[in-house]
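Student:
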Amino acid sequence: MDDQLLDERHAALMQGLKAIHERLDKLNGRTRQIEIDHAVLADRAKRSATMSWSSIGAVVAGALYWMVTAMRK
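The numbering used here numbers the first residue of the sequence shown as 29 and each following residue consecutively.
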């Protein structure tokens, strides 16, 4: 009887450990996906900032060109 009880406890313990490992694997997978999502968002933010500076540069260049051509007339 004691052996059967020990076997049942061992099986329950191993099943619990397996469930913990599966849960940790799922959480680790989610963490990796979150890190990937953050990297993508950071890359998009950098690109957006670069495009903003590029647009500002184009506006400034256009304004300077307009001022130079207006002064020639």
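Yeah, the Cβ is synthetic: ideal placement off N, Cα and C, and Gly gets one too.
1) Identify, in the order they occur along the chain, each residue of the same chain with its Cβ nearer than 6 Å to the Cβ of A70, setting aside the five sequence neighbours on each side.
2) How many angstroms separate the CA atom of R75 from the CA atom of A40?
3) By how many angstroms is the C-alpha of L52 removed from the C-alpha of H66?
Tutor: Judging by the given coordinates:
1) Taking the sequence shown and counting its residues from 1, one reaches residue 70 at position 42. Closer than 6 Å at Cβ, skipping near neighbours: no residue.
2) Stepping through the sequence shown from its first residue, residue 75 is reached at position 47. Stepping through the sequence shown from its first residue, residue 40 is reached at position 12. Taken atom to atom, the span from the alpha-carbon of R75 to that of A40 is near 53 Å.
3) Within the sequence shown, residue 66 is the residue found at index 38, counting from 1. Within the sequence shown, residue 52 is the residue found at index 24, counting from 1. Roughly 21 Å separates the two Cα atoms.
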